[in-house]
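Single-structure report; data block below.
Dropping the structure here:
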């Protein structure tokens with residue numbers, strides 16, 4: 001049994017967004033009032049796999065869920081994580097609503113294996129909270145989705161209404177990279193010169209957000225909050241936890257609202273997805289790294305279908321990774337995070 | 351035998367900078383024309399250890415080199431790594447010169463165990479190159495020192511004159527954190543709220559710089575260039591190398607000037623210092639992590655004397671770290687980097 005925590009689906013082509021956009025905002029879209037700043041880094045080979053033509057829910061079932069035996073697939077809709085970058089706040093809010101209605105009426109309705117991500121405009125946290133309450137009760141909606149790139153680090157109290165709504169609706173707060181470099185530069189120093197560097201730098205954003213969520217006491221304010229970091233890799237987590245714990249021991253009096261070690265908050269509240277899976281020179285290193293970051297609790301599987309650096313669940317893991325750990329990563333961790341049925345004990349993944 | 355790669359010394363108190371400042375720039379200093387932007391993050395306990403009164407070369411010998419048996423100590427002078435942040439370029443250049451003359455006439459003259467770092471203003475790369483050529487021939491000068499915070503990522507060709515001068519004079523290019531958040535924010539998203547977060551985020555800058563140095567082909571342009579990253583920790587290196595190598599395999603046609611894997615450039619050209627040494631929950635993790643990042647070649651010991659998070663060479667390492675690896679970290683790696691005498695085979699450190 002497999003839960004794929006990152007399946008990209010697009011509102012366009014044979015499955016368009018337009019019917020779901022409120023009439024009074026349609027002209028805003030056709031006249032490009034939904035513009036957002038670009039980051040200017042392009043993968044010269046394109047982002048999607050060229051071997052697939054995938055435009056509808058039936059395509060995703062036929063090309064992905066069925067052949068790989070995916071039990072549940074968590075959607076990354078587009079429009080989705082980058083809606084928060086749109087300059088015009090009302091247009092961003094309207095697009096978020098349209099994306100959610102589109103998701104419900106197309107993918108979620110098509111197959112119960114599809115699980116939805118509530119698209120929100122984090123630039124307008126109160127509107128985002130209202131949208132979470134509007135559609136978050138749909139039984140297949142499991143998380144909200146936003147981008148690593150934002151005006152503020154996630155611990156900023158501006159986002160508290162969003163966390164409050166997530167907790168109230170029982171939804172995970174998820175972030176996905178992609179708009180890094182559009183509001184800010186994608187590194188703390190400046191804008192790199194290449195897509196290669198830009199892609200290397202994506203986990204930096206997640207590292208900064210985790211530090212912020214811990215330090216600002218977000219998990220003390222919202223004890224039910226669960227955070228999912230999608231497509232940023234996982235191996236940077238161990239060094240970050242070590243550094244935060246060591247610094248906290250020396251500086252805890254500056255953060256009197258924290259009652260636990262930073263690592264304890266992160267390990268309880270945060271999960272990460274595998275893709276792009278790390279491929280160290282020795283496969284043993286990945287086994288050791290997974291032990292360091294407690295992958296048996298923290299890591300969930302994702303393919304990033306249908307993107308260029310797609311990970312196939314049959315080939316992604318080194319063979320020496322214990323089957324019990326593979327099962328936790330492929331299914332159990334995500335099932336526990338999203339409140340899905342437990343794996344049947346006899347069903348061991350291949 | 352021990353080489354300490356990070357000893358902070360200050361031009362003030364009993365060992366002032368003033369006599370070394372050219373007369374026509376003295377008024378600029380007293381009237382604060384040496385100002386630079388601040389980052390606004392303060393350690394509430396101060397940065398220096400409170401149990402030490404350390405103002406002169408003799409103090410550092412008595413309190414640090416002698417009691418710990420330091421064979422060589424690489425100085426971090428102040429003024430030093432943050433001179434490049436000063437708004438007024440001529441003042442920055444003058445201060446860099448003064449710092450170097452001060453270092454030579456005070457610390458380097460006092461004890462042959464002291465090794466110097468050439469202070470440069472990276473904001474004026476041609477002046478920096480001239481300064482490297484002016485004082486870099488001093489037999490105790492082993493590196494140039496600048497800050498992780500800069501206008502450009504280190505791979506930017508604006509800095510090529512500096513790398514050229516380093517190679518010509520046989521000096522290592524070293525960077526030290528400290529000014530992060532003064533020119534840019536210290537994270538890719540925005541300014542965090544606490545010193546704790548700021549300190550957690552310092553390795554992000556080094557990760558971005560390494561990606562830039564690799565991607566821009568700096569090590570192809572300057573095959574003799576050696577880079578030392580001081581006080582940013584080391585454990586983030588393994589995940590970064592894995593991510594860069596994986597991305598390079600897919601994107602190498604976008605970087606046609608590179609002839610090797612990113613990890614090969616980094617492992618040959620770059621070294622890092624231990625402090626603040628990582629303290630994972632299990633000491634075994636550090637042993638494994640050191641294997642992942644090839645610490646037997648890449649990691650050099652440092653104490654960060656006399657700062658608050660000082661590491662004592664007698665206590666810093668977990669006991670299960672093999673003595674042969676400890677010897678490489680405590681002495682051999684830095685000796686090879688800086689061209690110092692090899693460790694005498696019989697001298698094994700305690």
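Protein chains in written order, with the numbering used here: chain L, 1 to 350; chain P, 351 to 700. The beta-carbon is built from N, C-alpha and C at its ideal position, and this holds for glycine as well. Note that this is a predicted model, so its numbers are computed, not measured.
Query, Result
"From the DSSP output, in three-state form, read off residue 519(P) for me.", "helix"
"Counting only C-beta atoms, is residue 628(P) closer than 8 Å to chain L at any point?", "yes"
"Could you work out which residues of chain P lie near residue 352(L), taking near to mean beta carbons separated by less than 7 Å?", "It is not possible to answer for residue 352(L), since the shown part of chain L is limited to 1 through 350."
"Going by C-alpha distance, which of 628(P), 413(P), 541(P), 437(P) is nearest residue 651(P)?", "628(P)"
"Give me the chain P residues within the contact set of residue 288(L), using Cβ-Cβ distance strictly less than 7 Å, ordered along the chain.", "638"
"Okay, do the stretch 157-164 of chain L and the stretch 196-209 of chain L touch, 3+ Cβ pairs below 8 Å being the bar?", "no"
"For residue 596(P), decide whether its Cβ has a neighbour in chain B, counting only Cβ atoms nearer than 8 Å.", "Among the protein chains of the structure shown, namely L and P, there is no chain B."
"According to DSSP, which residues form a beta bridge with residue 107(L)?", "Beta-bridge pairing links residue 107(L) to no other residue."
"Are any of the Cβ atoms in chain L nearer than 8 Å to that of residue 545(P)?", "yes"
"When DSSP builds the beta bridges, which residues end up paired with residue 362(P)?", "365(P)"
"Please tell me whether residue 75(L) and residue 116(L) are closer than 8 Å, where the distance is taken between their beta carbons.", "yes"
"Shorter than 8 Å from the beta carbon of residue 604(P) to some beta carbon of chain L?", "yes"
"Can you list the alpha helix (DSSP H) stretches of 4 or more residues lying completely in the stretch 27-115 of chain L, in chain order?", "57-60, 89-103"
"Measuring CB to CB, does residue 685(P) end up less than 8 Å from residue 454(P)?", "no"
"Under 8 Å Cβ-Cβ, which residues of chain P neighbour residue 185(L)?", "534, 538"
"Measure from the C-beta of residue 208(L) to each C-beta in chain P and report whether the shortest distance is under 8 Å.", "yes"
"For residue 99(L) versus residue 179(L), is the C-beta distance shorter than 8 Å?", "no"
"Please report the straight-line C-alpha distance between residue 574(P) and residue 64(L), rounded to a whole angstrom.", "49 Å"
"So which residues on chain P does residue 217(L) lean against when the C-beta distance must stay under 8 Å?", "Ordered by position in chain P, no residue passes the 8 Å Cβ test against residue 217(L), which lies about 10 Å from the chain."
"Listing by chain order, which chain P residues have their CB less than 9 Å from the CB of residue 152(L)?", "539, 540"
"My assumption, with CB atoms under 8 Å, is that residue 644(P) sits in contact with residue 680(P). Please give the rounded CB distance.", "That pair is no contact at about 16 Å."
"What three-state label does DSSP hand residue 568(P) in the structure shown?", "helix"
"When the distance is taken between beta carbons, is residue 441(P) closer than 8 Å to residue 657(P)?", "no"
"So with CB distances below 9 Å, who are the chain L contacts of residue 551(P)?", "188, 204, 207, 208, 211"
"Between which two residues does the beta strand (DSSP E) carrying residue 271(L) extend?", "270-273"
"Where residue 591(P) and residue 613(P) are concerned, what is the direct C-alpha to C-alpha distance, given to the nearest angstrom?", "5 Å"
"Give, in chain order, every residue of the stretch 288-311 of chain L whose Cβ lies closer than 8 Å to some Cβ of chain P.", "288, 289, 291, 292, 308, 309"
"In the DSSP assignment, find the unbroken alpha helix (DSSP H) run with residue 146(L) in it and report its ends.", "Note, residue 146(L): premise wrong, no alpha helix (DSSP H); beta strand (DSSP E) at 141-147."
"Consult DSSP for residue 679(P) and reduce its assignment to one of helix, strand or coil.", "helix"
"Going by Cα to Cα distance, which pick from 50(L), 145(L), 72(L), 54(L) is closest to residue 84(L)?", "145(L)"
"For residue 579(P), which residues does DSSP report across the bridge?", "525(P), 622(P)"
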